[in-house]
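Colleague:
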């Protein structure tokens, strides 16, 4: 410990005209009782030789300038100069013939997904839906930021020395909230490449490469994995669809390729009503028409991940909030005056990072006939009012119509495209439809009709 107190850490530094600063060349311990001689590189090792017209020695040196400078005087500059011997020389061969430096304060490289060149075919279970066009066709998903980067080059007659470095950061778009997630925290990377020419039979040509990476911190979560996965699928599709850049994209291939869903949530409206929904606590208001599908991202990461919804027939009154965490069916009711609008929120897991949310009514009507039909729902009467007929809807052959939101009392049907009378009422109450029933569908010719079986199936939900 006594010896450590008698020694002072010093640094031999030279002025680099390219960097316009002093660079530490060697560190050594200065002592009153011990002789110190610095180990300097040989003339052959040009990448380690420093040539400068200005040199200095820093006394009581510390790497962290903020922690040094306590004000003490260890040794006077005159005493230091008196105890030092400097052997210097000059040789033209030591001077680089060419020196060059390039510095960039900040540079960003952004990768994008080009959705206009990806597939358009929906999966079989979603073939009746139409994807809305609210999502932008070009979506940046990864940003590489390079700060304080540099490239320095020194060229001698028989050697070349190239240095490069900078601070690297990677950010990935999170499709949960449309915010950037840090994949790689800012990390300083320094690289050096030296090519030394042959200098006789004992010293052949060689290449020396060194790379130094400061502590690196990488963050990986489900959101980042999801983004990188869908981006890989998107780029792979674009590569297949635009295999020949001279002839442009293959439109037929794009049409047949499957759609890539970029977001974590797919929200579908399987009702006859127009639905609005949004995140609770925000002013978000997404309009979703019948049989439409929306790629959803949360509006804010600072608020609870809950949705609420409303329907046009309910005068846009919001239902109670609900979450999207657990799979299954949830039944929600909107009360407006004397009317009650019931709808289900069906949550299904598509993959480890994606969920399908479907808005559905409590009444679905399917047509198993070979003829196209149209149907009209009879709403439940209130108090002494007579049953109310709502607008008619198309029911194609071998087709399931969008579900109905509201309290239905019965249904009437007729052939599509012919101004015939409606069939008799098909009751929906449990007491009146315990078994299958015959329904007479009038034809255009008077007195003729189609007899069809109708069966009401019930399923407990919630």
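Residue numbers (the UniProt record's numbering): 1 to 462.
Ideal Cβ placement from N, Cα and C applies to all residues, glycine included.
(1) With distances taken from CA atoms, which of 343, 317 and 123 is nearest residue 329?
(2) In terms of residues, what are the limits of the alpha helix (DSSP H) holding residue 222?
(3) So residue 428 packs on residue 439, CB below 8 Å; how close in whole Å?
(4) If residue 272 sits next to residue 399, beta carbons under 8 Å apart, how far is it from one beta carbon to the other, in whole angstroms?
(5) Would you call the CB atoms of residue 113 and residue 143 closer than 8 Å?
(6) What's the C-alpha gap between residue 35 and residue 63?
(7) As a quick exercise: from 313, 289, 374 and 87, pick the residue whose alpha carbon is nearest that of residue 37.
(8) Roughly how many angstroms separate the alpha carbons of residue 200 and residue 39, rounded to a whole number?
(9) For residue 54, which three-state DSSP category applies?
(10) Given residue 317, which residues of its chain have a CB within under 6 Å of its CB, disregarding the five upstream and five downstream residues?
(11) Between the region 115-128 and the region 257-267, are three or more C-beta pairs nearer than 8 Å?
(12) Check the DSSP bridge columns for residue 217 and list the partner residues they point to.
(13) Report buried or exposed for residue 227, applying the criterion of at least 16 other Cβ atoms within 10 angstroms of its Cβ.
(14) Which term fits residue 360, buried or exposed, when burial requires 16 or more other beta carbons within 10 angstroms of its beta carbon?
(15) Pick from 57, 30, 51 and 48: whose alpha carbon is nearest that of residue 13?
(16) Anyone know if the C-beta pair for residue 155 and residue 215 falls short of 8 Å?
(17) Within 10 Å of its beta-carbon, does residue 171 have 16 or more other beta-carbons around it, so buried, or fewer, so exposed?
(18) Our contact map puts residue 141 next to residue 185 with C-beta atoms below 8 Å; I'd like the distance itself, whole angstroms only.
(19) Could you check whether residue 357 and residue 266 sit closer than 8 Å to each other, using their CB atoms as the reference points?
(20) The beta strand (DSSP E) spanning residue 361 covers which residue range?
(21) What do you get for residue 301, buried or exposed, if any count of 16 or more other CB atoms within 10 angstroms of its CB means buried?
(22) Ignore the nearest five residues each way along the sequence and tell me which others in residue 233's own chain have a CB closer than 6 Å to its CB.
(23) Which value, in whole angstroms, describes the spacing of the CA atoms of residue 105 and residue 190?
(24) Express the C-alpha separation of residue 292 and residue 129 in angstroms, rounding to a whole number.
(25) Give the range of the alpha helix (DSSP H) segment to which residue 252 is assigned.
(26) Quick one: what does DSSP say residue 120 is sitting in, helix, strand or coil?
(27) Could you tell me the boundaries of the alpha helix (DSSP H) in which residue 281 lies?
(28) From residue 169 to residue 147, what distance separates their C-alpha atoms?
(29) Hey, out of 223, 187, 20 and 31, whose CA is closest to residue 6's CA?
(30) Whose CA, out of 249, 417, 408 and 409, lies closest to the CA of residue 396?
(31) Can the beta-carbon of residue 464 be found closer than 8 Å to that of residue 193?
(32) Check for me: the beta strand (DSSP E) holding residue 111 runs from which residue to which?
(33) Only counting the same chain, and skipping five residues up and downstream in sequence, which positions put a Cβ closer than 7 Å to that of residue 464?
(34) Roughly how many angstroms separate the alpha carbons of residue 248 and residue 231, rounded to a whole number?
(35) Could you check whether residue 276 and residue 287 sit closer than 8 Å to each other, using their CB atoms as the reference points?
(36) Measure the C-alpha to C-alpha separation of residue 17 and residue 77 and round it to an integer number of angstroms.
Modeller: Here's the rundown:
(1) 343
(2) 222-241
(3) With a Cβ gap of about 13 Å, residue 428 and residue 439 do not count as contacting.
(4) Not really, about 14 Å apart at Cβ, beyond 8 Å.
(5) no
(6) 24 Å
(7) 87
(8) 24 Å
(9) coil
(10) 310, 334 and 336
(11) yes
(12) The partner list for residue 217 (beta bridge, DSSP) is empty, contrary to what the question assumes.
(13) buried
(14) buried
(15) 57
(16) no
(17) buried
(18) About 19 Å separates the two Cβ atoms, so there is no contact after all.
(19) yes
(20) 355-361
(21) exposed
(22) 260
(23) 16 Å
(24) 5 Å
(25) 251-256
(26) coil
(27) Run containing residue 281: none; DSSP gives neither H nor E here.
(28) 8 Å
(29) 31
(30) 417
(31) Because the chain here runs from 1 to 462, residue 464 falls outside it and cannot be looked at.
(32) 98-114
(33) Residue 464 lies beyond the range of the chain shown here (1 to 462); nothing can be said about it.
(34) 21 Å
(35) yes
(36) 25 Å
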